[in-house]
Amino acid sequence: MKRGQALVETAVTLPVLLALFLGFLAAGVGAEGYVDLTTAVYLAAASNVTAPAGPLGQGLAMQYATDTFNATIAHDTLLQAQGQITCPGDYNAGGTVVCQAQATLLFSKTPLAVVIPVDPTIQAQAQATRSAYRSVPVP
Amino acid sequence: MVVGVFVLVTFAAVSAAFHSIQGAMAETAAAAGVQVAASGTTASPNTPDLAGAYTPTQKLLQSVLFGTALVQVPAGQNCSQDAMQSGSLEVCAYQDGPNLVAESIRGRPAFPIPWIDQVLPWNIDVTVEMHQVTYQQ
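From first to last, the protein sequence lines stand for chains A and B. Note that my numbering has the first sequence beginning at 1, numbered continuously upward. Note that my numbering has the second sequence beginning at 1001, numbered continuously upward.
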């Protein structure tokens, strides 16, 4: 009788414990993916504001941001960028830009795909301000 | 049996949580370091300060190292392929092409629970890049 009771208790408890463990893992992977994306966008924004100021510098600034974002994301096996990074804002000296990007979190590339069958889309944004003394390129 | 499984799952969950914290902090530390590396040196504003990347990285990572040895790879060199030794992390800053500067943190950190890192392959392999800062007169 006691043996049967222990068996039933084990059968009930084991799936719950396993689900808890997998939940911990999924939360960890999700948090890490979000930190990775936020870091890539943050570095892209920081890179953007190092370019020369003004309309003539805008193309260069976007190239800096895109190069930085794409190169950082390319090293991350869990993230796949969706589209290009965008950085609308004021490109004059002292102006602020807000960079935004989206990426797919690839749970399907991990053993967690067994319990999480979807790859969620996450997004991040970061703000940076160009130095008020940043020079404007001469045309 | 249930108690044994419970203890095992608890240890594994705690270990996974530590790994997430260390991974996230490594990403943040590498981002701080690569910003310094992408800037110019005091001698030449157009030369990336690769050697300067280590200090901000080490300062940020220190709180989650738990006895892990942090190894500074000479500036300009990528981390070694066999860097996944237990209890050590390599920090490498190097140029990736003509315009990009990269910083990698790679290895297998130590855990507060000593034997966990021997059993579970919790590696850290983080690389961030940034466009080199340019200056004009």
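Cβ coordinates follow ideal geometry from the N, Cα and C atoms, glycine included. Everything numeric in this text was worked out from a predicted model, so none of it was measured.
Secondary structure of B:Asp1096, DSSP reduced to three states: strand
Report yes or no: is there a C-beta of chain B within less than 7 Å of the C-beta of A:Thr33? What sits at residue 33 of chain A in the sequence shown is Gly, not Thr. Answer no: the Cβ-Cβ gap between A:Gly33 and chain B never drops below 7 Å.
With B:Met1025 and B:Leu1061 assumed to form a contact (beta carbons below 8 Å), what rounded beta-carbon distance in angstroms separates them? 6 Å
Please go through the stretch 50-83 of chain A and give each complete alpha helix (DSSP H) segment of 4 or more residues, from N-terminal end onward. 55-74
Along the chain, where does the alpha helix (DSSP H) that runs through B:Ile1021 open and close? 1002-1038
Three-state secondary structure assigned by DSSP to A:Arg134: coil
Helix, strand or coil at B:Ser1086 according to DSSP, with G and I counted as helix: strand
Would you kindly work out how many angstroms separate the C-alpha atoms of B:Gln1077 and A:Leu37, rounded to a whole number? 25 Å
Might you give, ordered along the chain, the residues of its own chain that have their beta carbon closer than 7 Å to the beta carbon of A:Val120, omitting 5 neighbours on each side? First, the residue type needs correcting, since residue 120 of chain A is Pro and not Val in the sequence shown. Closer than 7 Å at the Cβ level, and outside the excluded window around A:Pro120, lie Leu105.
Looking at B:Gly1087 and B:Thr1068, is the spacing between their C-beta atoms short of 7 Å? yes
Cβ of B:Glu1129 within 7 Å of Cβ of A:Thr72? yes
The alpha helix (DSSP H) spanning B:Leu1061 covers which residue range? 1054-1061
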